Amino acid sequence: MKQPTQEFRVPVDDLEHFIKKALIRSATDEASAEAVTRALVTASRMGTDSHGLRLLPHYLKALQGGRISGHPEMRFSRRLPATGFLDADNGFGHLAAYTAMSHAGDMAEEVGLGAVAVGHSSHFGAAGCYAMAAAERGLIGMAFCNSDPFVLLHEGKAPFHGTNPIAFAAPVAGDSPYLLDMATSSVPWNRVQQYGAIGRELPDQVAADARGEVTRQPDEVAALLPLGGSDFGFKGAGLGGMVEVLSSTLAGMLNGFRLLPMGGPDMSTPRGIGHFVLAMNPAAFTEASTFQACLSDYLADLRSRPAMADSEVMAPGDREWRCRAQRDAEGIPLDSANQAAYAAMASELGLEPLKPMA
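Residue numbers for the sequence shown follow this note's numbering, beginning at 29 and rising by one.
Structure, rendered in structure tokens:
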């Protein structure tokens, strides 16, 4: 096998083709393969590398172990005019969340709002993908998901909540959506791994050791602090709890503290993750043109505010859209570990290996 190089970028189309082929050859149906590919490539294009292409080997392992069904029979039941429940049948969370948001969007276009609880699901990658799916059809979207414990409670000593993300997207006429996609922890777990890999200290008030005490050494980290750190972590812990209630409780699923760990070792038992998605039709509240004019004014005012030296005031999503434009032009980067992982998958599945962009 060719030794991975430090710099390796692949065209978006090539990455999409590879991921979809890898899933299909791993006994995944077309709808699941399309949804996972869409979510992973969307995240990688926007620079959300922790939830992008690097997750494919994990998903294939979960498929092979039986934790995830590659041919789920998802069932949607509309319970009231604006609410419903989706049983994901232990399929991919990506397909479940896109499907749920599609139903939520249909209800929002009909009655103004649509909310769907999702049960019997699995890891769904970047929450922003599903909020953005609503914005792409002119709706406001929100998406939430619970996960296994990584984050301390405020003044707690051991992990309880997951990084429990909140995603919000709103359509912007003639431009990319307003997009907020955030964990309710002070930093994502991937940040700890990145800092450890380069031998860099973490910022203060973002992580804790096995005793629950704040540490800046990546190799000592046993948990993340909730958003707000040790002094104001009640805010992040409260938001994490809100996500938990929306995700697991409304769907009748296990709370995150009781979930099997994402990383295994049990890759045969379904985890039973819950999601929650919400779509809102701006035209149900005010004239669509009024909503767009007010949102455009708000964003113009925000971006025009004075910034600190060598800095720039940006709206949520601005950084992601810039990254997307750059990666669409220059290719999506694979570090040496992902180069090796994708080369191994190509060999095992009989696929054409990814080649660097010319």
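Note that beta-carbon positions come from the ideal geometry of N, C-alpha and C, so glycine has one too.
Only a predicted model underlies this, so the values are computations on that prediction, with no experimental measurement involved.
Would you kindly check if the distance between the Cβ of residue j and the Cβ of residue i is under 8 Å?
{"i": "Pro246", "j": "Gly224", "result": "yes"}
{"i": "Ala128", "j": "Leu114", "result": "yes"}
{"i": "Ala110", "j": "Met160", "result": "no"}
{"i": "His122", "j": "Phe152", "result": "yes"}
{"i": "Asp209", "j": "Gly156", "result": "yes"}
{"i": "Ala61", "j": "Leu51", "result": "yes"}
{"i": "Glu358", "j": "Arg37", "result": "yes"}
{"i": "Asn174", "j": "Val271", "result": "yes"}
{"i": "Asn118", "j": "Ser97", "result": "yes"}
{"i": "Arg73", "j": "Asp356", "result": "yes"}
{"i": "Phe120", "j": "Ser275", "result": "no"}
{"i": "Gly142", "j": "Gly133", "result": "yes"}
{"i": "Gly268", "j": "Asn192", "result": "yes"}
{"i": "Met373", "j": "Pro100", "result": "no"}
Tell me, please, which residues DSSP counts as bridged to residue i.
{"i": "Ile194", "result": "Phe172 and Met210"}
{"i": "Phe104", "result": "Leu114"}
{"i": "Gly147", "result": "Asp115"}
{"i": "His303", "result": "Val146 and Cys173"}
{"i": "Arg37", "result": "Pro361"}
{"i": "Ala235", "result": "Leu252"}
{"i": "Asp203", "result": "Val200"}
{"i": "Met295", "result": "DSSP lists no partner for Met295."}
{"i": "Pro187", "result": "Leu180"}
{"i": "Met308", "result": "Leu141 and Ile168"}
{"i": "Val242", "result": "Ala236"}
Report the rounded CA-to-CA distance for residue i versus residue j, giving the unit in angstroms.
{"i": "Leu330", "j": "Val341", "result": "7 Å"}
{"i": "Ala145", "j": "Gln34", "result": "43 Å"}
{"i": "Asp363", "j": "Asp325", "result": "40 Å"}
{"i": "Pro289", "j": "Arg95", "result": "12 Å"}
{"i": "Met29", "j": "Thr314", "result": "Its pLDDT being 49, under 50, Met29 is placed unreliably by the model, and nothing is read from it."}
{"i": "Ala236", "j": "Asn218", "result": "15 Å"}
{"i": "Ala279", "j": "Leu83", "result": "25 Å"}
{"i": "Pro381", "j": "Arg53", "result": "14 Å"}
{"i": "Asp42", "j": "Ser150", "result": "26 Å"}
{"i": "Val179", "j": "Thr243", "result": "14 Å"}
{"i": "Thr212", "j": "Glu138", "result": "32 Å"}
{"i": "Met308", "j": "Ala163", "result": "10 Å"}
{"i": "Leu287", "j": "Asp176", "result": "5 Å"}
{"i": "Met102", "j": "Gln221", "result": "35 Å"}
{"i": "Gly378", "j": "Ala250", "result": "39 Å"}
{"i": "Leu282", "j": "Ala368", "result": "35 Å"}
{"i": "Phe319", "j": "Ala343", "result": "17 Å"}
{"i": "Ala328", "j": "Thr70", "result": "26 Å"}
{"i": "Pro361", "j": "Glu44", "result": "14 Å"}
{"i": "Leu167", "j": "Ser204", "result": "13 Å"}
{"i": "Val273", "j": "Gly284", "result": "10 Å"}
{"i": "Arg66", "j": "Asp232", "result": "35 Å"}
{"i": "Val64", "j": "Trp349", "result": "21 Å"}
{"i": "Val475", "j": "Lys383", "result": "As shown, the chain starts at 29 and ends at 386. That puts residue 475 outside it, with no answer to give."}
{"i": "Glu241", "j": "Phe260", "result": "15 Å"}
{"i": "Leu48", "j": "Pro39", "result": "It is worth fixing the name first, because residue 48 is Lys in this sequence and not Leu. Roughly 15 Å between the two C-alpha positions."}
{"i": "Leu255", "j": "Tyr87", "result": "28 Å"}
{"i": "Gly169", "j": "Ala154", "result": "14 Å"}
{"i": "Tyr206", "j": "Ala311", "result": "17 Å"}
{"i": "Ala321", "j": "Glu229", "result": "44 Å"}
{"i": "Arg165", "j": "Glu248", "result": "45 Å"}
{"i": "Met385", "j": "Gly266", "result": "45 Å"}
{"i": "Leu323", "j": "Ala238", "result": "45 Å"}
{"i": "Gly202", "j": "Asp294", "result": "47 Å"}
{"i": "Lys89", "j": "Gly227", "result": "30 Å"}
{"i": "Ala371", "j": "Ser332", "result": "46 Å"}
{"i": "Glu262", "j": "Pro216", "result": "Looking at the sequence provided, one finds Phe at residue 262 rather than Glu. Between Phe262 and Pro216, the C-alpha separation is close to 17 Å."}
Since residue i and residue j are thought to touch, with beta carbons under 8 Å apart, how far apart are those beta carbons, to the nearest angstrom?
{"i": "Gly300", "j": "His148", "result": "6 Å"}
{"i": "Gly93", "j": "Ser296", "result": "5 Å"}
{"i": "Leu253", "j": "Ser317", "result": "Going by Cβ atoms, the distance from Leu253 to Ser317 rounds to 44 Å, so no, they are not a contact pair."}
{"i": "Ala195", "j": "Tyr158", "result": "7 Å"}
{"i": "Cys351", "j": "Gly75", "result": "4 Å"}
{"i": "Ala59", "j": "His303", "result": "Wrong, their Cβ atoms sit about 17 Å apart, outside the cutoff."}
{"i": "Leu108", "j": "Thr56", "result": "About 33 Å; that fails the 8 Å criterion."}
At the 8 Å Cβ level, is residue i part of the contact set with chain B, yes or no?
{"i": "Phe313", "result": "Note that chain B does not occur in the displayed structure, where there is just one protein chain."}
- request: May I ask you to verify whether the region 183 to 193 touches the region 334 to 350, counting CB pairs closer than 8 Å and requiring at least 3?
  value: no
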